[in-house]
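Protein chains: 2
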Amino acid sequence: MYGKTDMDRRIQKTRTAIMAAFEALLTEKRYEQITVQDIINRANVGRSTFYAHFETRDDLLKYTCQELFEHVFNAHLSSEKSHDFSGGEGTLDMMLTHILYHLKDDRQRYLRIFSCESADLFWRYFQSQLEVLVKRYGAKDPAADKKVPEDYYMNYYCSAYIESVKWWFQNNMKISPEELAAYFARVTV
Amino acid sequence: MYGKTDMDRRIQKTRTAIMAAFEALLTEKRYEQITVQDIINRANVGRSTFYAHFETRDDLLKYTCQELFEHVFNAHLSSEKSHDFSGGEGTLDMMLTHILYHLKDDRQRYLRIFSCESADLFWRYFQSQLEVLVKRYGAKDPAADKKVPEDYYMNYYCSAYIESVKWWFQNNMKISPEELAAYFARVTV
DNA sequence: TCCTTTCCTGAACATTCTGTTCGATATCTT
DNA sequence: AAGATATCGAACAGAATGTTCAGGAAAGGA
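Protein chains in written order, with this note's numbering: chain C, 6 to 194; chain U, 6 to 194.
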């Protein structure tokens, strides 16, 4: 018997090639008009090979998103040293800023998907992850202060954050993560 | 010579049939997997007829959105009598609430598109229209108070409104337009 | 190194959808 | 009624999908 099948270098190579080709194509056209043919041409991979790895094109998008999110949302948990924050760790604000730094560092990659016209799958992922984060590290109960339902507030808060990120990307990240975080804090207080 | 070609009853009939079929199909599956074949089957219309009216499927979506928006955003301008507001007319809050009433009245139609997975075209239309409205009737300068850029605030404000509407629809519009407007006002103050 | 397992290849295939064309037919306006 | 116009329906080329299979390549274990 073999060890983990996933460790086979051929599989790694193929998957990497396909995903890289996919990301590259996303910089050129929108998701809907990227065909499997395009992908396998770019990746230099056989047709049947593609379907051996991904069920459909949507499947590929899903995995790509998941992989991106592991980067974004795992970084804030591990004790990253790349960006210093004066405090120790733990407040929601700091984590959100941390995420912004992460996005900025890996700017090229995220831009490709973020600016993809039909990336709602991506944004929905983002929001669900964000809600988990806010639930875990968020302040006690801002919804009660404002006298609105819990889930309304949660949706509002996370949406506002995501829209801020979109705005940031659309403006080519001209301002710093701290500035954006400050904007966000001012309007959501 | 004829009068306006658009007045031909056959044209009206065909366009109506196609659009109705399209909206009906949107209740059953998401936009991406609706084919022209589906549409012309449902509409009982020849293939060439479809392409005589719409360039592509995207074109059809565009027109459908436009038609919906005429309903939403023209209603607030004309002096509607269907819903009374204590005041006269003119404040932004009232108009937004007015829009909510409109959405609720024509609930079925909007639900179909709103809950369509890939309706970003629709939402982008909505947001751009909303921004026009806010620019025209909005308060003096909330952005300055909060010390954030004008366009950041505009994007934030309209996005928050739209996300509220989405939330409302997802919750089957259980609360009244006034309540939703109140929620929105409380979080965006 | 050899051997077995696993993966990739490349071509072929049946389906489906697209967007266009055209003559025949139905329906409109005047 | 007559001429103008829209629809029908069938056919077509082109492209994409998702599947299959045999042969070759490359990985890992012994």
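Ideal placement from N, C-alpha and C gives every residue a C-beta, glycine not left out.
Bear in mind the structure is a predicted one, so any value in this text is a computation, not a measurement.
**Q.** Closest residue to Asn79 of chain C among C:Thr32, C:Ser169, C:Gln134, C:Ile167 (Cα-Cα distance)
**A.** The residue with the shortest Cα to Cα distance from Asn79 of chain C is C:Gln134.
Q. Going along the chain, which residues of its own chain have a beta-carbon closer than 8 Å to the beta-carbon of Ser5 of chain C, five neighbours each way excluded?
A. Given that chain C is displayed from residue 6 to residue 194, the structure contains no residue 5 of chain C and the question cannot be resolved.
Q: Express the C-alpha separation of Ser181 of chain C and Leu108 of chain C in angstroms, rounding to a whole number.
A: Distance from the CA of Leu108 of chain C to the CA of Ser181 of chain C, rounded to the nearest whole angstrom, comes to 12 Å.
Q: Taking the CB atoms as reference points, tell me whether Ile39 of chain U and Phe27 of chain U lie closer together than 9 Å.
A: Yes, Cβ-Cβ distance for Ile39 of chain U and Phe27 of chain U is below 9 Å.
**Q.** Listed by chain order, chain C residues near Tyr188 of chain U by CB distance under 7 Å
**A.** Those are Val153, Tyr157, listed as they occur along chain C.
Q.
Is Asp125 of chain U close to chain C? Criterion is C-beta to C-beta, closer than 9 Å.
A. For Asp125 of chain U, the answer is yes, since a Cβ of chain C falls inside 9 Å of its Cβ.
Q) What residue does the alpha helix (DSSP H) around Met24 of chain U start on, and which one ends it? A) Under the DSSP assignment, Met24 of chain U falls in the alpha helix (DSSP H) whose first and last residues are 14 to 31.
Q) If we call anything under 9 Å between Cβ atoms a contact, is Val139 of chain C one with Leu97 of chain C? A) Here Val139 of chain C is near Leu97 of chain C, since their CB atoms are less than 9 Å apart.
Q: Return the first residue and the last residue of the alpha helix (DSSP H) that Phe1 of chain C is part of.
A: Outside the displayed span of chain C (6 to 194) sits residue 1 of chain C, for which this structure offers no information.
Q. With distances taken from CA atoms, which of U:Phe127, U:Thr32, U:Tyr142, U:Tyr56 is nearest Thr19 of chain U?
A. Out of U:Phe127, U:Thr32, U:Tyr142, U:Tyr56, the CA that lies nearest to the CA of Thr19 of chain U is found in U:Tyr56.
Q. With 9 Å set as the bound, which would you pick, yes or no: does the beta-carbon of His183 of chain U sit closer than that to a beta-carbon of chain C?
A. Note that residue 183 of chain U is Glu in the sequence shown, not His. Closer than 9 Å: no.
(Q) Can you give me the C-alpha to C-alpha distance between Asp103 of chain C and Gln113 of chain U, rounded to a whole angstrom? (A) Contrary to the premise, residue 103 of chain C reads as His rather than Asp in this sequence. CA-CA distance, His103 of chain C to Gln113 of chain U, rounds to 42 Å.
Q.
Relative to the C-alpha of Val77 of chain C, which candidate in C:Leu101, C:Glu60, C:Tyr68 has its C-alpha closest?
A. Answer by Cα proximity: C:Leu101.
Q) Going by the CB atoms, is the gap between Val192 of chain U and Tyr188 of chain C shorter than 9 Å? A) No, these two residues do not count as a Cβ contact at 9 Å.
Q | Rounded C-alpha distance that separates Leu105 of chain U from Lys179 of chain U | A | Distance from the CA of Leu105 of chain U to the CA of Lys179 of chain U, rounded to the nearest whole angstrom, comes to 13 Å.
(Q) Since Trp172 of chain U and Asn177 of chain C should fall inside the 8 Å C-beta cutoff, what is the C-beta to C-beta distance between them, to a whole number of angstroms? (A) Between the beta-carbon of Trp172 of chain U and that of Asn177 of chain C there is about 30 Å, and that puts the pair past the 8 Å contact cut.
**Q.** 9 Å Cβ cutoff met for Met24 of chain U and Thr69 of chain U
**A.** Between Met24 of chain U and Thr69 of chain U, the C-beta spacing is below 9 Å.
Q. Pick from U:Tyr162, U:Glu184, U:Glu60, U:Tyr115: whose alpha carbon is nearest that of Thr32 of chain U?
A. Taking only the C-alpha atoms, the option nearest Thr32 of chain U is U:Tyr115.
**Q.** Assigned exposure category for Ala149 of chain C - 16 Cβ within 10 Å defines buried
**A.** Using a 10 angstroms sphere on the CB of Ala149 of chain C, the tally of other CB atoms stays under 16, which defines it as exposed.
Q.
Residues in the same chain with beta-carbon distance under 7 Å from Ala29 of chain C, minus the five sequence neighbours each way, listed in chain order, please.
A. These residues qualify, in order along the chain: Arg47.
**Q.** Secondary structure of Phe189 of chain U, DSSP reduced to three states
**A.** Correct three-state label for Phe189 of chain U: helix.
Q. Where does Arg112 of chain C fall in DSSP's three states?
A. In the structure shown, Arg112 of chain C adopts helical secondary structure according to DSSP, grouped into three states.
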